[in-house]
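A.B. asks: Oh and the sequence shown: position 7 is 7 in the UniProt record's numbering, straight run, nothing missing.
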Amino acid sequence: MTLNSFYPVLGTTRIAAARDFYTRWFGFEIVFEADWYVSLRRIAGERSYELALLDPTHTTVPAGYRKPVQGLLLNFEVDDVDAEWERLVVQGGLSPELDICSEDFGQRHFILAAPDGVLVDVITEIPPAGEYA
Numbered sequence: 001m002t003l004n005s006f007y008p009v010l011g012t013t014r015i016a017a018a019r020d021f022y023t024r025w026f027g028f029e030i031v032f033e034a035d036w037y038v039s040l041r042r043i044a045g046e047r048s049y050e051l052a053l054l055d056p057t058h059t060t061v062p063a064g065y066r067k068p069v070q071g072l073l074l075n076f077e078v079d080d081v082d083a084e085w086e087r088l089v090v091q092g093g094l095s096p097e098l099d100i101c102s103e104d105f106g107q108r109h110f111i112l113a114a115p116d117g118v119l120v121d122v123i124t125e126i127p128p129a130g131e132y133a
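1) Quick check: the Cα distance between GLU46 and ILE126, rounded to an integer number of angstroms?
2) At 3 residues or longer, what runs of the beta strand (DSSP E) sit wholly inside the stretch 97-128?
3) With respect to the alpha helix (DSSP H) encompassing ARG19, which residues constitute its N-terminal and C-terminal limits?
4) Determine whether the beta carbon atoms of GLY106 and TYR132 lie at a separation below 8 Å.
5) Do three or more CB pairs link the stretch 39-58 to the stretch 82-99 at distances below 8 Å?
6) Go through the stretch 18-90 residue by residue and report every complete run of the beta strand (DSSP E) that reaches 3 residues or more, in order.
7) Would you kindly work out how many angstroms separate the C-alpha atoms of LEU74 and ILE123, rounded to a whole number?
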């Protein structure tokens, strides 16, 4: 199998709010938009990241699965998590679900909730401590 692309498609009843969240705060751009589907892309140098939003009640979703996303955590690894905390929480006014902290297993991070309930974990790797070292 040759894999040409891979990206999450989030089932959400709050497509516009989720679109605005990812474009405003995380630098995604709209590639395609309909009232039931939005395709987003973020290009950073040679890297490209994609994310899509889908109305879970749309007929393209099999009938038994037409529910909004639940229990999903997206990891956004960044160079400077403290700068992102300042930008998103302190200056931007977003409310964290988990305050910024350093974990013994090798992460400094904080968690936000997108409008659709998806959790966004903003992370910088740090040296592990204790039993994880």
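A virtual CB, placed ideally from N, CA and C, is assigned to each residue, including glycine. Since the structure is predicted, the reported quantities are computational estimates derived from the model, not experimental observations.
C.D. replies: Concretely, from the data shown:
1) 25 Å
2) 107-113, 119-125
3) 15-26
4) Result yes, Cβ atoms of GLY106 and TYR132 sit closer than 8 Å.
5) The stretch 39-58 makes no contact with the stretch 82-99, as fewer than three CB pairs between them are under 8 Å.
6) 29-33, 37-44, 47-54, 73-77
7) 10 Å
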